[in-house]
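So the structure is just underneath, and the comments pick up after that.
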Amino acid sequence: MPAFVVVIGMVWVTLLLVAGGLVLIRARDVLQRVVALDLLAVIVIALLALLSYLRGQAYYFDAAVALALLSFVATVAAARYLDQGGPFG
Amino acid sequence: MLALVLRVVVLTAIYLLVLTSLRPGDVLTGLVLATVLVVVARRLRPAEAAASGPLLRRLAGVPALVGGTLVDLVRGTWDTAVCLCGRGPVHGGLVEVPIRPCARAGAAAWGVRVGFVPDTVVVEIDEQAGRMLLHVLDARDPEAVVAAQHDLYERRQRRVFP
Amino acid sequence: MISVVLDVVGGALLLLGLVLLTVSLVGVLRMRGTYGQLHAQGLATGPGVIAILASSIATEDAAIMSFAALAIVFVALTSPVSGHAIARAAHRRAQRDGDHPGEP
């Protein structure tokens, strides 16, 4: 893939990351914060994938897969915790 | 026996994919680890898949399951994107879909297959009572939603995860 | 020749994934109810990130492509589960508190 396409994509994803931070700040409810955090993890996974294409190194995907695993566990744990009625209601 | 060998091969393939190496030592380690895992899992939860039909027929249904889910994914993505670019899910609501009381693998397949498509969100699923609560974009006609979900089950999932 | 075709396909998939991520973010920002936000989020966690990962075919690097395939399988299996966990928490809270988070 031509490098400039990947660079444009990375700039776009970085802007999305900033917008995701805005979503996180604007959230009215703790569940909406969990949704926004899950979305931020997906955006960072996309950023790592683009970085891997740019550098031509597969190692960045290690971080992407690990991040997907961590965000999955974190989201499920937070949702299960809120299910029982946590103090952050 | 074939099912056990298949499980060992798939687990070894995942191990080698994560390592991204094909050296003989790694292959051997992966095979040993996968065999131990499969044997231990069989001891802990015996006879889980005994009632779900012959293995080859189930495997023959896998391409239809994966390909059909991809078709659903494209359609659901388009619907959701159009809906979000408009006024959002104004008619969204909860619909209860009755499912056949089935094994845990079947219920898990229902949940993943339906939840993967963005225009349906699985809210509750109960495999013993045989019901699934969905949130859909357009809940004005619940019977149509139930009929569509049952039709997709018959065509995609039934042969692999009955 | 084949390299150009792969470049075009990869670029198109990348563009599709980026557009889907953007639509999803705008949707999460605009929707008021948790269920509406979950529909919008499903657009990113399902097809959006899969399209971006699938654009790795343009790199023509076996290690990157195999890792991308692994990540696609992983994301496809976990994203419905985390969405379901959030939806169930929202549903149970609504039942407990007596309001309706899904109503816009």
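Residue numbers (my numbering), protein chains in the order written: chain F, 1 to 89; chain H, 1 to 162; chain S, 1 to 104. All C-beta atoms, glycine included, are put in the ideal place defined by N, C-alpha and C.
What does H/His-150 touch in chain S if you count any residue whose Cβ is under 9 Å from its own?
Locating residue 150 of chain H in the second sequence gives position 150, counting from the first residue. None at all; the shortest Cβ gap to chain S is about 19 Å.
Contact residues within the region 42 to 63 of chain S, judged by C-beta distance below 7 Å to chain H
Gly-42, Leu-43, Gly-46, Pro-47, Ala-63
From what residue to what residue does the alpha helix (DSSP H) around S/Met-1 run?
Position 1 of the third sequence, counted from the first residue, corresponds to residue 1 of chain S. Where S/Met-1 is concerned, there is no enclosing alpha helix (DSSP H), because DSSP gives it neither an H nor an E.
Beta carbon of F/Gln-84, beta carbon of S/Thr-34: below 8 Å?
Working through the first sequence from its first residue, we reach residue 84 of chain F at position 84. Working through the third sequence from its first residue, we reach residue 34 of chain S at position 34. No, the Cβ-Cβ distance between F/Gln-84 and S/Thr-34 is not below 8 Å.
Cutting at 7 Å between CB atoms, please list the residues of its own chain near H/Leu-33, excluding the five before and the five after it.
For this step, residue 33 of chain H is matched to residue 33 along the second sequence. Counting only Cβ-Cβ distances below 7 Å, and skipping sequence neighbours, we find Tyr-15.
Uninterrupted beta strand (DSSP E) stretches inside the region 34 to 103 of chain H (no shorter than 3 residues):
93 to 98
Give a yes or no on whether the minimum CB-CB distance between S/Gln-95 and chain F is below 8 Å.
As a first step, residue 95 of chain S must be located in the third sequence, where it is residue number 95. Output row for S/Gln-95: interface = no.
If contact means a Cβ-Cβ distance below 9 Å, which residues of the region 109 to 122 of chain H contact chain S?
Cβ contacts with chain S: Gly-111, Val-112, Arg-113, Val-114, Gly-115, Phe-116, Val-117, Pro-118, Asp-119, Thr-120, Val-121, Val-122.
Under DSSP, the alpha helix (DSSP H) around H/Glu-143 begins and ends at which residues?
Locating residue 143 of chain H in the second sequence gives position 143, counting from the first residue. Run containing H/Glu-143: 142 to 152, per the alpha helix (DSSP H) assignment.
Can you tell me where the alpha helix (DSSP H) holding S/Arg-92 begins and where it ends?
The residue given as residue 92 of chain S occupies position 92 in the third sequence. Unbroken alpha helix (DSSP H) run through S/Arg-92: 62 to 97.
Checking contacts by CB at 8 Å: is S/Ala-128 closer than that to chain F?
The structure shown does not extend to residue 128 of chain S, since chain S is modelled only from 1 through 104, so no value can be given for it.
Less than 8 Å between CB atoms is the rule here; does S/Val-9 satisfy it with respect to chain H?
Working through the third sequence from its first residue, we reach residue 9 of chain S at position 9. Chain H contact via Cβ: absent.
What is the DSSP secondary structure of F/Met-1, reduced to helix, strand or coil?
Here residue 1 of chain F corresponds to residue number 1 of the first sequence, with the count starting at 1. F/Met-1: coil per DSSP, three-state reduction.
Using only the heavy atoms of the ligand NAD, determine whether one of them is closer than 7 Å to the beta carbon of S/Ile-86.
With respect to small molecules bound, the structure shown includes none, and the ligand NAD cannot be examined in it.
What residue does the alpha helix (DSSP H) around H/Ile-14 start on, and which one ends it?
Walking along the second sequence from the start, residue 14 of chain H turns up at place 14. Looking at the DSSP string, the run of the alpha helix (DSSP H) that includes H/Ile-14 is 2 to 19.
How far does the beta strand (DSSP E) with F/Asp-29 in it extend, from its first residue to its last?
The residue you call residue 29 of chain F lines up with position 29 of the first sequence. Per DSSP, F/Asp-29 belongs to no beta strand (DSSP E) and is neither H nor E.
Considering H/Asp-126, what are the terminal residues of the beta strand (DSSP E) in which it resides?
Residue numbering aside, residue 126 of chain H sits at position 126 when the second sequence is read from its first letter. Start and end: 120 to 126.
Once the 5 residues before and after H/Leu-22 are set aside, which same chain residues still bring their CB inside 7 Å of it?
Here residue 22 of chain H refers to the residue found at position 22 of the second sequence. The answer, listed in chain order, is Leu-16.
Determine the burial state of H/Val-123: buried for a count of at least 16 other Cβ atoms within 10 Å of its Cβ, exposed for fewer.
As a first step, residue 123 of chain H is located in the second sequence; it is residue number 123 there, counting from the start. It counts as buried.
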